[in-house]
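Report on the structure given below.
Structure below.
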């Protein structure tokens, strides 16, 4: 059933990243560019949802049977792209993290999976100047959430980032005077989400300053 679900999902969605719903969408167009009139709704992807469910099962010590685990693993591997990353039609760093997390949750070892091109793809998302991109071919798109997902994916694969010090510098460059973190080095307000991404990433890098 899970295999059929992904095919249905692909048919019903032209995209997987984010869905933007405007207050005035029924009027066919926005009457102004005032961002206060725009609602932005992020829709969790299938890999994100499966990751949350399998992680919750682990926390609750609930064991799926062997057939259920095999079906989910097969479903997740359907999202693996030729470049090594994971995602619906295109590879993204967050989707790759979710996929790896699911596989780790359901398998005692990943040694039987060929993930060498996945490792290569993740390293290609790493910026020499610090931070991670959502995908290798998009320049200067690094932010705290992409950095978090990149570092977490590396941690799951037991590999080390090539530019740890630069990542640390990038994360601290997003620090605001009020104690929180903004999404990127550009001006922005502190949010709990970005502060979580920042502190978690610094912990992974063993770079938290007290």
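In my numbering, the protein residues as written are 921 to 1130.
Beta carbons: idealized from backbone N, C-alpha and C, even for Gly.
C-beta contact flag for residue i and residue j at 7 Å
{"i": "residue 1118", "j": "residue 1101", "result": "yes"}
{"i": "residue 1013", "j": "residue 1050", "result": "no"}
{"i": "residue 1160", "j": "residue 1038", "result": "Given a span of 921 to 1130 for the chain in the structure shown, any question on residue 1160 remains unanswerable."}
{"i": "residue 1103", "j": "residue 1085", "result": "no"}
{"i": "residue 1020", "j": "residue 1073", "result": "yes"}
{"i": "residue 1022", "j": "residue 970", "result": "yes"}
{"i": "residue 1094", "j": "residue 1064", "result": "yes"}
{"i": "residue 1047", "j": "residue 1062", "result": "yes"}
{"i": "residue 1044", "j": "residue 1056", "result": "yes"}
{"i": "residue 1040", "j": "residue 1004", "result": "yes"}
{"i": "residue 998", "j": "residue 1006", "result": "no"}
beta-carbon residue i near the ligand COA non-hydrogen atom, thresh 6 Å
{"i": "residue 1074", "result": "Of the ligands one can find in the structure shown there are none, so the ligand COA has no counterpart to examine."}
Terminal residues of the alpha helix (DSSP H) in which residue i lies
{"i": "residue 1066", "result": "1064-1076"}
{"i": "residue 968", "result": "966-979"}
For residue i: DSSP bridge partner residues
{"i": "residue 1015", "result": "DSSP, once it has assigned bridges, lists no residue as partnering residue 1015."}
{"i": "residue 1046", "result": "1052"}
{"i": "residue 1000", "result": "1006"}
{"i": "residue 1101", "result": "1095, 1111"}
From the options, residue whose alpha carbon lies closest to that of residue i
{"i": "residue 994", "options": "978, 1106, 1056, 967", "result": "967"}
{"i": "residue 1125", "options": "1075, 980, 1054, 1096", "result": "1075"}
{"i": "residue 1097", "options": "1105, 1110, 1031", "result": "1110"}
{"i": "residue 1011", "options": "981, 1108, 1054", "result": "1054"}
{"i": "residue 996", "options": "1015, 979, 981", "result": "1015"}
{"i": "residue 1087", "options": "1122, 1107, 1017, 1112", "result": "1122"}
{"i": "residue 980", "options": "987, 1002, 972", "result": "972"}
Distance between beta carbons of residue j and residue i, contact taken as under 8 Å
{"i": "residue 974", "j": "residue 1025", "result": "4 Å"}
{"i": "residue 984", "j": "residue 977", "result": "7 Å"}
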